[in-house]
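The block underneath contains the structure these notes are about, expressed in structure tokens.
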Amino acid sequence: MGGIEFPKELSPDELINLYKKMLLIREFEQRITKDAGKIKSALVHTYIGEEAIAVGACAAINEDDYTTSTHRGHGHYLAKGGDLNSLMAEIYGKEDGICGGRGGSMHVADFSKHMLGANGIVGAGPPLALGVALASKMRNEGRVVLTFFGDGAANQGMLHESMNLAAVWKLPVIFILENNLYGWSSPTAKTSAIKNFSLRAAGYGMKGVSIDGNDVIEVYKTVKDAVEFARKGGGPTLIECKTYRWAGQTTMDADKYRSTEEKEEWKLKCPIEAFKTRLIRGELIDQVIIQEIKEKTVALIDESVKFTKKSPKPDPNTALDDVYKNPIEYGGN
Amino acid sequence: MEVINLSGETKSMSGSDAIRLAIEEEMERDESVFILGEDIGTYGGPFFVTKGLLEKFGAERVRETPISENAILGCAVGAAIAGMRPIAEIMFADFLTVCMEMIVNQAAKARYMYGAQISVPLTIRTPFGTGIMGAAQHSQSFESWFMHVPGLKVVCPSDPADFKGLLKTAIRDDDPVIFFENKQCYFRSGEVPLDKNFMIPFGQARKFTEGDDVTIVATGAMVQESITAATKLKEENILCEVIDPRTLVPMDKKTILESVEKTGKLLIVDEGCKTCSVSAEIAAFVAEEGFQFLKRNIIRLNTPDVPIPYSQSLEKQIIPNAKSIQDNVKKLI
């Protein structure tokens with residue numbers, strides 16, 4: 001493959017799929033950024049610039065393995081195979097949204113794909129991952145859980161509790177720390193005294209590694225090793241993926257706290273462009289295929305917009321439904 | 334209103350023994366039921382509720398945890414989402430404050446915000462109330478806090494038979510249930526049905542005494558105090574109806590309103606601090622839906638809004654008891 005090394009177990013189609021997935025996430029989020037005025041929610045967070053992490057990590061697990069996500073969850077959702085049309089419809093608050101318009105951007109979840117949901121509380125995914133991993137362990141299912149969280153969540157007490165318990169019970173959890181260098185407007189240098197969060201793993205008695213989160217193959221290989229270790233009963237691993245959030249905290253954030261130079265510098269390290277170049281050099285794709293992939297991706301997103309436009313708003317009379325599975329009478333007028 | 338059928342085989346046992354029996358029967362019946370919490374194994378928990386369960390069911394299903402309440406409940410919520418039926422013990426209700434996140438933002442919300450894709454069949458057990466010289470951080474009564482969170486069911490029994498019947502219902506329920514166990518009620522004995530399918534439905538109050546003069550609604554340890562007061566008042570020919578709602582969400586408004594319709598007088602006795610308490614909610618719905626029945630103002634007898642003091646002379650001063658209940662009933666006559 002033109003001197004470029006790829007993991008042997010990945011077929012050319014699988015490698016190209018990594019590119020397609022990353023591009024789908026990018027194009028999807030560029031579209032919702034463009035449509036932010038129509039979406040109206042003040043709390044839509046994009047994953048642009050970080051796509052290699054979700055895509056590389058999810059390529060290393062099986063369909064019946066689990067993932068937990070963050071408030072910045074569209075990428076995790078799509079990488080795990082979540083349905084595109086119902087994602088778009090959910091963000092627009094439509095009835096055919098994956099959560100019926102009850103969750104929105106910060107709560108997108110496709111449980112049929114074992115994607116256990118974006119989560120609006122920073123650091124709340126890892127404790128939930130423990131329980132899913134425990135269930136898998138108690139039932140001898142051999143399933144693992146990838147729990148994605150950010151550098152902000154790294155300083156939540158819940159994460160400390162979770163990493164300790166996962167280690168002491170040897171739970172099959174892979175802690176994937178997406179260090180995008182900012183918690184909203186706060187640079188990590190202001191909020192953490194260390195540069196490499198993987199150092200913390202030693203304190204829990206687990207393996208920790210810091211990698212280039214913009215290199216989809218490096219993410220894939222690192223997660224794959226951790227998954228194999230977890231499946232064998234070895235317990236959890238902490239993987240810090242260094243990356244950068246291209247856009248503001250939300251689609252409504254003017255993002256004046258970061259310099260243009262810094263942002264431009266990171267855009268030169270675009271995970272999608274970098275992988276595209278490798279695929280071209282490896283002679284797996286050419287300009288014709290690239291153009292075709294781009295057109296197909298845009299068509300998929302156009303289709304999801306059409307689907308969303310056709311979908312009705314949720315029936316206001318259903319606002320009180322589904323609070324409980326075994327319903328009770330509860331307060332209301 | 335459900336009447337407990339004691340015609341089958343029964344046995345006299347303490348409240349804590351009744352709780353243990355319910356857990357034991359449900360763990361025997363259903364492999365997905367397991368318990369987790371601090372010191373619940375070899376030691377058997379601070380009130381010895383789980384004593385002997387480790388020996389019987391083993392360390393996989395009786396899981397002793399680190400002192401990490403968010404990890405305990407994260408584990409329980411995650412396992413419930415994955416199809417298990419965990420019973421998490423929080424050692425003292427006061428410690429619920431350190432894991433409010435997992436209860437309020439995760440367990441209670443997951444079903445609704447994820448569009449009914451999942452349910453969370455989780456039981457959280459926790460001891461509450463005064464009487465062991467526990468002082469300000471081991472004596473509190475937080476039931477009303479959780480009544481304010483849609484998605485939770487809140488159970489608060491006062492009698493051994495009710496402990497067994499309601500805990501079994503909680504474990505088999507498909508929604509998150511928070512099961513408050515009053516410390517005084519652990520030690521009091523009563524007849525408990527040995528039928529393994531003995532279950533008490535949620536939303537059914539229990540009437541302990543009958544009377545036409547005054548309705549007394551009480552919870553937890555205040556039920557026994559109210560029964561003692563009613564027995565004394567009977568000697569003076571004042572007949573009180575003592576009602577224990579048993580479940581606070583759902584609340585059996587019907588039984589309470591019917592009693593108030595009969596007596597026209599309502600005293601509510603509650604060990605929680607007065608402002609925004611269980612008694613506040615009961616007084617509010619009676620005023621809203623049963624105002625026409627009331628011949629007197631409603632009286633709420635609560636612990637005043639003060640931290641629980643250590644010394645018995647101070648504690649006894651602030652907690653309602655049979656004497657203060659009698660005095661307040663007389664104010665209504």
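Residue numbers (the working numbering), protein chains in the order written: chain A, 1 to 333; chain B, 334 to 666. In this text, a Cβ means the ideal position worked out from N, Cα and C, and glycines have one as well. Since this is a predicted model, take the numbers as computed values, not measurements.
- Note that the segment 476-486 of chain B does not touch the segment 514-531 of chain B; fewer than 3 beta-carbon pairs, one per stretch, sit closer than 8 Å.
- If you check each beta-carbon in the segment 41-56 of chain A against every beta-carbon of chain B, none falls closer than 9 Å.
- Judged by DSSP in its simplified three-state form, A:Leu-177 adopts strand.
- Just so you know, the alpha carbons of A:His-76 and B:Gly-464 end up roughly 50 Å apart.
- For B:Ile-451, the closest Cβ of chain A is nearer than 7 Å.
- Of the other Cβ atoms in all chains shown, 16 or more fall within 10 Å of the Cβ of A:Ser-86; this residue is therefore buried.
- Annotation for B:Asn-661: the continuous alpha helix (DSSP H) segment containing it runs 655-665.
- A direct Cα-Cα distance of roughly 29 Å separates A:Val-44 from A:Ser-198.
- The segment 308-324 of chain A and the segment 39-58 of chain A do not touch, with fewer than three beta-carbon pairs separated by less than 8 Å.
- What B:Pro-399 touches in chain A, judged by beta-carbon distance under 9 Å, is Glu-161, Asn-164, Leu-165 and Val-168, going in chain order.
- Straight-line measurement puts the Cα of B:Ile-451 at about 43 Å from the Cα of B:Gln-625.
- Against B:Asp-507, the close residues of chain A are Lys-325 and Asn-326, in the order they occur along the chain (beta-carbon pairs closer than 7 Å).
- Of the other Cβ atoms in all chains shown, fewer than 16 fall within 10 Å of the Cβ of A:Pro-7; this residue is therefore exposed.
- Contact check for B:Pro-454 and B:Asp-507: beta-carbon distance about 5 Å, within the 8 Å limit, so the pair qualifies.
- Neighbours of A:His-107 in chain B, taken as residues whose beta carbon is under 8 Å from its own, are Met-446 and Tyr-447 in chain order.
- Per DSSP, the unbroken alpha helix (DSSP H) holding A:Ile-280 starts and ends at 271-281.
- Check the Cα spacing between B:Ser-646 and each of B:Met-466, B:Gly-498, B:Ile-615 and B:Tyr-519: the tightest is with B:Met-466.
- Per DSSP, A:Lys-207 is not a residue of any alpha helix (DSSP H); the beta strand (DSSP E) it occupies stretches across 207-212.
- For A:Arg-200, none of the residues of chain B pass the 7 Å Cβ criterion, the least Cβ distance being about 16 Å.
- A residue is called buried when at least 16 other Cβ atoms come within 10 angstroms of its Cβ; A:Gln-287 does not meet this threshold and is exposed.
- Apart from sequence neighbours up to five positions away, the residues of its chain that approach A:Tyr-92 with a beta-carbon distance below 7 Å are Ile-39 and Thr-308, ordered along the chain.
- Listed as beta-bridge partners of A:Ser-11 by DSSP are no residues whatsoever.
- Nearest in C-alpha terms to B:Thr-542, of all of B:Gly-597, B:Lys-516 and B:Cys-573, is B:Cys-573.
- A distance below 7 Å between beta-carbons, with the five flanking residues on each side excluded, links B:Gln-473 to the following residues of its chain, in chain order: Ala-426, Asp-427, Phe-461 and Ile-641.
- The three-state secondary structure of A:Ala-135, taken from DSSP, is helix.
- Proximity of B:Gly-391 to chain A, defined by a Cβ-Cβ separation below 7 Å, is not satisfied.
- The DSSP-derived three-state label of B:Ala-563 is helix.
- Closer than 9 Å at the C-beta level to chain A, one finds these residues of the segment 404-419 of chain B: Ala-404, Ile-405, Leu-406, Gly-407, Cys-408, Ala-409, Val-410, Gly-411, Ala-412, Ala-413, Ile-414, Ala-415, Gly-416, Met-417 and Pro-419.
- Between A:Ile-61 and the set A:Val-122, A:Ala-135 and A:Leu-146, the nearest pair of CA atoms involves A:Leu-146.
- Residue pairing by DSSP places B:Phe-367 opposite B:Pro-419 in a beta bridge.
- Residue contact with chain B for A:Asp-83: absent (no Cβ-Cβ distance below 7 Å to any residue of chain B).
- Residue pairing from DSSP places B:Leu-634 in a beta bridge opposite B:Val-602.
- A Cβ-Cβ separation of about 19 Å leaves B:Glu-371 out of contact with B:Met-417 under the 8 Å criterion.
- Short of 6 Å from the beta carbon of B:Ala-655, and not among the five residues preceding or following it, lie these beta carbons of its own chain, in chain order: Glu-558, Thr-561 and Ala-562.
- At a cut-off of 3 residues, the continuous stretches assigned as beta strand (DSSP E) that sit fully inside the segment 436-524 of chain B are 456-461, 486-488 and 510-515.
- Interface annotation, A:Leu-130: in contact with chain B, CB-CB separation under 7 Å.
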